[in-house]
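Protein chains in written order, with the working numbering: chain A, 1 to 243; chain B, 1 to 332.
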């Protein structure tokens with residue numbers, strides 16, 4: 001079976017700096033892939049290229065058999081890719097429910113139907129009781145959950161989570177990990193999870209891709225990654241030494 | 001509570017001209033007419049400015065498109081106002097869509113100034129294009145009508161009931177616009193407009209084509225302005241560039257919207273009900289007599305708006321009305 005997402009030698013430059021250089025990776029349907037790397041490694045740039053907010057200067061991105069290298073974000077969403085944002089981007093003046101309704105309207109024109117779907121997803125993401133709260137008044141943890149609910153409402157095949165756990169307390173982060181597991185198990189959504197905190201990604205991911213200075217330096221099971229010489233040197237080195 | 005206010009407001013709006021008519025005055029019916037026209041324009045502007053969050057300072061172009069289209073149809077082809085109205089509305093929406101699509105590449109202040117630029121381009125076109133009468137414009141002759149029904153059906157009222165006739169015509173158009181916008185607000189469009197306003201990138205990420213929906217929002221605004229332009233043309237019995245392309249056709253509705261509550265369906269209505277009579281009272285009291293011609297009325301009017309804006313930047317509709325008017329003693 002062809003992979004759900006295939007990134008082929010993607011390069012994205014900003015002036016003289018290559019934020020992504022010659023990156024290739026594939027994601028199979030049903031996987032949870034962790035995408036890690038230090039700050040500035042090019043994780044968000046890769047997300048932006050896959051979701052159409054940026055277009056690679058070289059290389060190709062294929063989703064579900066279609067070339068989406070130069071496709072606009074709203075088209076890519078329609079094809080089945082949804083994302084969340086490193087810095088939350090909830091619709092602040094709309095209520096939590098209305099935020100998710102906007103996502104659900106991607107698959108229906110009927111607001112009544114979209115509200116039913118949105119209500120289900122607020123239940124699923126454990127935001128019940130916050131339906132009518134303006135999104136701007138929610139806590140960071142709730143805003144991140146709301147973004148996930150809104151993304152899920154578009155019925156994605158592939159969900160890209162950009163640091164869904166950063167900035168959260170340990171308890172909130174654990175709940176977020178739990179939510180990611182439930183999305184995978186109950187909704188059968190393929191996921192790519194960006195984090196720069198290894199401890200969160202390792203137990204969650206089936207496979208881990210490591211970026212460093214815009215280049216892919218490793219791709220394998222979490223067990224293999226923690227033993228990879230290059231990864232240890234580039235990314236885990238200091239942390240390992242401190243132990 | 002809101003429902004009671006709605007019923008009282010509706011009854012007041014319907015009954016309003018009757019005692020005035022019995023007294024034989026017409027001035028206040030005309031003030032009412034201007035309130036309704038500006039409320040309608042405000043409700044229309046709220047779609048692009050309030051919901052979609054794109055500051056549009058050039059909707060008066062489509063007011064002019066509506067006025068000119070219906071006047072041309074009437075003068076050249078003998079088409080009555082109500083039949084010309086849908087044509088004028090469609091023409092304005094279409095022209096707006098074509099003009100706005102390229103502008104949607106621009107954001108924020110740049111979008112705003114580009115709407116002003118289109119208005120500036122429209123002015124010399126209106127002033128020089130012979131087909132639409134150039135600077136002299138078009139005059140709309142009154143055909144003799146027998147009876148109220150014939151007047152209403154042709155949107156041509158004359159004589160002592162003229163002011164009242166146009167008041168009710170404005171009320172019908174206003175109510176229709178408001179009802180239609182209430183439907184838009186609760187539809188997919190209403191959700192998508194507000195999503196784009198709150199965060200355009202995030203909106204695109206959930207499948208919203210931001211350029212398409214901005215064009216739709218502005219075309220709805222243009223359609224409302226065009227409908228009001230038709231009404232105004234037949235009230236004024238003439239259409240000429242300086243009059244229908246006047247900046248006030250956008251600034252007054254925008255001020256009404258902001259003062260009443262931007263992004264709220266009833267905001268522009270409340271704003272127009274407050275601001276338009278104040279402006280009329282100012283010009284008839286301070287604008288006449290020893291102080292006439294010095295713009296004192298406009299200065300005082302401007303100060304009133306500044307005070308309201310400073311006191312309640314989110315609009316008067318955002319005041320805790322339901323708490324003040326809650327039946328029984330306030331608790332909690």
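Glycine included, every Cβ here is placed at the ideal spot set by N, Cα and C.
Between residue 82 of chain A and residue 146 of chain A, the C-beta gap is not smaller than 8 Å, which leaves the two residues out of contact. Looking at B/239, B/297 and B/124, the one whose alpha-carbon comes closest to that of residue 138 of chain B is B/239. Under the three-state reduction of DSSP output, residue 165 of chain A falls in the coil class, being neither helix nor strand. In the DSSP annotation of this structure, the continuous segment of the alpha helix (DSSP H) that includes residue 40 of chain B starts and ends at 27-45.
Taking 8 Å as the cut-off, the Cβ atoms of residue 37 of chain A and residue 226 of chain A do not count as close. Here the alpha carbons of residue 173 of chain A and residue 201 of chain A stand approximately 11 Å from one another. Residue contact check for residue 250 of chain B against chain A: no CB pair falls below 8 Å. By the neighbour-count definition (other C-beta atoms within 10 Å, threshold 16), residue 179 of chain B is an exposed residue.
Taking 8 Å as the cut-off, the beta carbon of residue 119 of chain B is found closer than this to the beta carbon of residue 60 of chain B.
A distance below 6 Å between beta-carbons, with the five flanking residues on each side excluded, links residue 280 of chain B to the following residues of its chain, in chain order: 31. In this chain, the beta strand (DSSP E) harbouring residue 62 of chain A covers 58-63. By alpha-carbon distance to residue 286 of chain B, the top candidate from B/296, B/211 and B/151 is B/296. C-alpha of residue 206 of chain A to C-alpha of residue 8 of chain A: approximately 21 Å in a straight line. Cβ contact annotation for residue 21 of chain A (same chain, cutoff 7 Å, sequence separation greater than five): 11, 214 and 215, in chain order.
For residue 192 of chain A, no CB of chain B lies under 8 Å from its own CB, so it is not counted at the interface with that chain.
The beta carbon of residue 141 of chain A sits closer than 7 Å to those of 168 and 172, all from its chain and outside the five residues before and after it, given in chain order.
Per DSSP, residue 282 of chain B is one residue of the alpha helix (DSSP H) stretching across 267-285.
In the DSSP assignment, residue 192 of chain A is bridged to A/33 and A/160.
Using a Cβ distance threshold of 8 Å, residue 118 of chain A and residue 153 of chain A count as a contacting pair. Nearest in C-alpha terms to residue 206 of chain B, of all of A/18, A/73, A/54 and A/28, is A/73. Contact of residue 188 of chain B with chain A is assigned, a C-beta pair being separated by under 8 Å. Around the beta carbon of residue 325 of chain B, a 10 Å sphere encloses fewer than 16 other beta carbons of the protein chains shown; the residue is thus reported as exposed.
Distance from the CA of residue 229 of chain A to the CA of residue 45 of chain A, rounded to the nearest whole angstrom, comes to 25 Å. Within the region 293-323 of chain B, contact with chain A at the beta-carbon level (separation under 8 Å) is assigned to no residue. With respect to chain B, the C-beta atom of residue 120 of chain A has no partner C-beta closer than 8 Å.
For residue 194 of chain B, at least one C-beta of chain A is nearer than 8 Å to its own C-beta.
Put simply, the region 161-169 of chain B does not touch the region 91-102 of chain B. Fewer than three CB pairs are less than 8 Å apart. Secondary structure at residue 208 of chain A: strand, using DSSP grouped into helix, strand and coil.
In the DSSP assignment, residue 5 of chain A falls within the unbroken beta strand (DSSP E) covering 5-14. About 5 Å separates the CB atoms of residue 130 of chain A and residue 96 of chain A; that is less than 8 Å, so the two are in contact. With at least 16 other beta carbons inside 10 angstroms of its own, residue 41 of chain A counts as buried. Leaving aside the five residues that flank residue 257 of chain B on each side, the residues in its chain whose CB is nearer than 7 Å to its CB run, in chain order, 42, 45, 46, 49, 50, 267, 268 and 271. For the region 163-191 of chain B, the set of residues with a beta-carbon nearer than 9 Å to any beta-carbon of chain A comprises 186, 187, 188, 190 and 191, in chain order. Cβ-Cβ distances below 8 Å link residue 209 of chain B to nothing in the same chain once the five nearest sequence neighbours on each side are left out. By DSSP's assignment, residue 216 of chain A forms a beta bridge with A/211. Annotated three-state conformation of residue 55 of chain B is coil, per DSSP.
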